[in-house]
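Let me begin by presenting the structure, written as structure tokens, before commenting on it.
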Amino acid sequence: MKCQRCSRQATLHITEILDDQSFEELHLCEECAQKYLQPQTGSPKGPEAESEPDELAVLNQRQCPQCGIKFAEFRSSGRLGCPHDYEAFRAELLPLLENIHGETRHIGKTPRRQPRAQQIRAELLALRKQLQTAVSRENYEEAARIRDQIRRLEEV
Amino acid sequence: MKLDDLLKNTGEWLRGSGPDSDVVVSTRIRLARNLADFPFSNRASPLQKGEIESLLRERLLRIDNGTRFSYVQVHSLNHLDRQFLVERQLISREHAASEGQRGVAIEPQESRSVMINEEDHLRLQVLRSGLALEEAWQEIDRLDDLIEQRVNYAFSEEFGYLTACPTNVGTGMRASVMLHLPALQMTRQLEKVFRALQKINLAVRGLYGEGTRASGDFYQISNQVTLGKSEADILREIREVIPQIIDYERKARAALLRESRPTILDRVYRAYGTLRSATLMTSDETIDLLSCVRLGINLHLIEDLTIPAVNELFLLTQPAHLQKLQGVVMEPEERNAARANFLRHRLNKN
Numbered sequence: 037m038k039c040q041r042c043s044r045q046a047t048l049h050i051t052e053i054l055d056d057q058s059f060e061e062l063h064l065c066e067e068c069a070q071k072y073l074q075p076q077t078g079s080p081k082g083p084e085a086e087s088e089p090d091e092l093a094v095l096n097q098r099q100c101p102q103c104g105i106k107f108a109e110f111r112s113s114g115r116l117g118c119p120h121d122y123e124a125f126r127a128e129l130l131p132l133l134e135n136i137h138g139e140t141r142h143i144g145k146t147p148r149r150q151p152r153a154q155q156i157r158a159e160l161l162a163l164r165k166q167l168q169t170a171v172s173r174e175n176y177e178e179a180a181r182i183r184d185q186i187r188r189l190e191e192v
Numbered sequence: 003m004k005l006d007d008l009l010k011n012t013g014e015w016l017r018g019s020g021p022d023s024d025v026v027v028s029t030r031i032r033l034a035r036n037l038a039d040f041p042f043s044n045r046a047s048p049l050q051k052g053e054i055e056s057l058l059r060e061r062l063l064r065i066d067n068g069t070r071f072s073y074v075q076v077h078s079l080n081h082l083d084r085q086f087l088v089e090r091q092l093i094s095r096e097h098a099a100s101e102g103q104r105g106v107a108i109e110p111q112e113s114r115s116v117m118i119n120e121e122d123h124l125r126l127q128v129l130r131s132g133l134a135l136e137e138a139w140q141e142i143d144r145l146d147d148l149i150e151q152r153v154n155y156a157f158s159e160e161f162g163y164l165t166a167c168p169t170n171v172g173t174g175m176r177a178s179v180m181l182h183l184p185a186l187q188m189t190r191q192l193e194k195v196f197r198a199l200q201k202i203n204l205a206v207r208g209l210y211g212e213g214t215r216a217s218g219d220f221y222q223i224s225n226q227v228t229l230g231k232s233e234a235d236i237l238r239e240i241r242e243v244i245p246q247i248i249d250y251e252r253k254a255r256a257a258l259l260r261e262s263r264p265t266i267l268d269r270v271y272r273a274y275g276t277l278r279s280a281t282l283m284t285s286d287e288t289i290d291l292l293s294c295v296r297l298g299i300n301l302h303l304i305e306d307l308t309i310p311a312v313n314e315l316f317l318l319t320q321p322a323h324l325q326k327l328q329g330v331v332m333e334p335e336e337r338n339a340a341r342a343n344f345l346r347h348r349l350n351k352n
């Protein structure tokens, strides 16, 4: 297979998950893949070192519109100010959550009062994960059972 | 509620029975929950904290789950009474020490309780004797549903139950099993076990939770991860590992009896003898000696004492319990004399 950006042999195959349903596949050569995976950089001369303090200062001053907590306050105390902070600081929290939990998406219990559709989405997420585990453990009977459950839920 | 009523019993979870209770003392699950429409407790104004407390208190007291909750306003308790609740594992040390309007709802058997305005608005807890993760989960899940019918939880489809600290977000669940591991300690195998646990993301803590010393060879094994795993997965991970640790501990106990019988006999009887005759006793020493006696009972070296009786002594010799039993506030040195006296009386009955 040829690289999608030049004519060399594609050696790296990247799947970008766009959301729950859709994804994009990329087939690239080593060089193009490296370029693709590197964060977009604006200025040519070592931009990170120069802009980082500024970015950090700006980030630290970011404030939740609901409870007024600044990101710097969260960084120093480790405690958020209100439930809305998970939205207000979402971009900053994602890598932190990944670090702490190794995951960034809830698949456990959903409040019973939550709309049924949301509950089903949550259950499907959990089941698909269980399916993966079952397959990786070569527990095919279990896998088949989970797959049937997923089909039933998808029909709802 | 009158706190002194609690003193007559020790709480269901200390009864010392239940599956694998020679090694497993108790099982505990807690859930962190918050109201959607308020700042988290640490960021709430005194007025808001008051609102949160009275709203939740009123809703909790309306729940009828066979039994009803009694409610204690922690901010209006004196230091001794707060300490008393900490010793019974009904509130955290942080909840005892913090400020502002806050409380705890306690069910008569003390197996279910709910802290209000701790780090999160609600901290639900279920405590069970022995290894009982599944039963504890079902119980707390039901309680959670009952509360949820009455309040609006902060929940996001993406991140789950939203908590003040990102380490609890998702399920908000911490499941822990308290183990008594004296033989692994004596044979210096604990390090190995704990390293293996940390590799699979389980935490090991001392008797009273985070940052406390593992006194009396008691250890709490609990999950670290709360996001991206279902409650069932988290419980399964703990359930899978506990039987192995129980097995290691039992093997270590058998090996001690086989290979170092004179040493172990001496340690057990020396501990029992000291508890029955000393005239000054600190709470640390008491815990260490009772731990040895507990091992002695499980090894059938001591026949005239039961596990529930020892469990009760662990609790009643703690500083706040001791003072409440005596009905006076005492300085540490007076306590040491009173504690030794209490132990002598209890253990020389026969």
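In order, the protein sequence lines correspond to chains A and B. The working numbering applies: residue 37 is where the first sequence begins, and numbers increase by one. The working numbering applies: residue 3 is where the second sequence begins, and numbers increase by one. Where a beta carbon is used, it is the ideal one built from N, C-alpha and C, also for glycine.
Minimum Cβ-Cβ distance from B:Pro-168 to chain A less than 8 Å: On the second sequence, residue 168 of chain B is found 166 positions in, with the first residue counted as 1. At least one chain A Cβ lies under 8 Å of B:Pro-168.
Any chain B beta carbon closer than 8 Å to A:Thr-47: Position 11 of the first sequence, counted from the first residue, corresponds to residue 47 of chain A. Chain B contact via Cβ: absent.
Chain-ordered neighbours of A:Arg-149 on chain B, where CB pairs are closer than 7 Å: Reading the first sequence from its first residue, position 113 is the one you call residue 149 of chain A. Those within 7 Å of A:Arg-149 in chain B are Glu-150.
C-alpha distance - B:Asn-343 paired with B:Arg-90, whole-angstrom precision: For the purposes of this step, residue 343 of chain B is identified with residue 341 of the second sequence, where counting begins at 1. For the purposes of this step, residue 90 of chain B is identified with residue 88 of the second sequence, where counting begins at 1. When rounded, the distance between both Cα atoms is 22 Å.
Min CB distance B:Ser-158 to chain A below 8 Å: As a working note, residue 158 of chain B is residue 156 in the second sequence. Interface residue, yes.
Burial state of B:Val-331, where buried means 16 or more other Cβ atoms lie within 10 Å: Position 329 of the second sequence holds residue 331 of chain B. Result: exposed.
Reduced DSSP secondary structure (H/G/I, E/B, other) of B:Asn-313: Here residue 313 of chain B is taken as the residue at index 311 of the second sequence, counted from 1. B:Asn-313: helix per DSSP, three-state reduction.
Residue span of the alpha helix (DSSP H) that contains A:Phe-107, given as start and end: Locating residue 107 of chain A in the first sequence gives position 71, where the first residue counts as 1. From DSSP, the alpha helix (DSSP H) with A:Phe-107 extends over 107-113.
Spatially closest choice to B:Asn-44 from B:Arg-61, B:Leu-16, B:His-97 and B:Val-76, by CA coordinates: What you label residue 44 of chain B is simply residue 42 of the second sequence in a count that begins at 1. Among B:Arg-61, B:Leu-16, B:His-97 and B:Val-76, the Cα nearest to that of B:Asn-44 is on B:His-97.
Residue range of the beta strand (DSSP E) that includes B:Ser-105: Here the question's residue 105 of chain B lines up with position 103 in the second sequence. Strictly speaking, residue 105 of chain B in this sequence is Gly, with Ser absent from that position. Element bounds for B:Gly-105: 105-108.
Beta-carbon proximity list for A:Leu-130, same chain, < 6 Å, skipping 5 on both sides: Looking up residue 130 of chain A in the first sequence gives position 94. Excluding sequence neighbours, A:Leu-130 sits near Thr-140.
Option nearest B:Gln-222 by Cα separation, candidates B:Val-243, B:Leu-229 and B:Lys-231: Numbered from its first residue, the second sequence carries residue 222 of chain B at position 220. Selected option, being the one with the closest Cα: B:Val-243.
Chain-ordered chain B contacts of A:Leu-133 [CB-CB under 9 Å]: Position 97 of the first sequence, counting from 1, holds the residue named residue 133 of chain A. A:Leu-133 reaches chain B at Phe-161, Pro-168, Val-171, Gly-172, Leu-229 and Gly-230, counting residues in chain order whose Cβ is nearer than 9 Å.
Terminal residues of the alpha helix (DSSP H) in which B:Thr-228 lies: Here the question's residue 228 of chain B lines up with position 226 in the second sequence. No alpha helix (DSSP H) contains B:Thr-228, which DSSP labels as neither H nor E.
Cβ-Cβ separation, B:Ser-113 to B:Glu-14 (assumed contact under 8 Å), whole Å: By one-based count along the second sequence, residue 14 of chain B stands at place 12. By one-based count along the second sequence, residue 113 of chain B stands at place 111. That pair is a contact at about 5 Å.
Start and end residues, alpha helix (DSSP H) containing B:Ile-289: Against the second sequence, residue 289 of chain B aligns to sequence position 287. Segment 285-300, the alpha helix (DSSP H) holding B:Ile-289.
Cβ-based burial, B:Asn-80 [other Cβ within 10 Å; buried from 16]: Locating residue 80 of chain B in the second sequence gives position 78, counting from the first residue. Its Cβ having fewer than 16 others within 10 Å, B:Asn-80 is exposed.
Buried/exposed call for A:Tyr-176, threshold 16 Cβ in 10 Å: Residue numbering aside, residue 176 of chain A sits at position 140 when the first sequence is read from its first letter. Residue environment analysis places A:Tyr-176 among the exposed positions, since fewer than 16 neighbouring C-beta atoms fall within 10 angstroms of its C-beta.
Residue range of the alpha helix (DSSP H) that includes B:Ala-34: Residue 34 of chain B sits at position 32 when you count from the first residue of the second sequence. That residue, B:Ala-34, is in no alpha helix (DSSP H); its beta strand (DSSP E) goes 26-35.
Beta carbon of B:Asp-24 nearer than 8 Å to that of B:Asn-300: Position 22 of the second sequence holds residue 24 of chain B. Position 298 of the second sequence holds residue 300 of chain B. For B:Asp-24 and B:Asn-300, yes; Cβs fall inside 8 Å.
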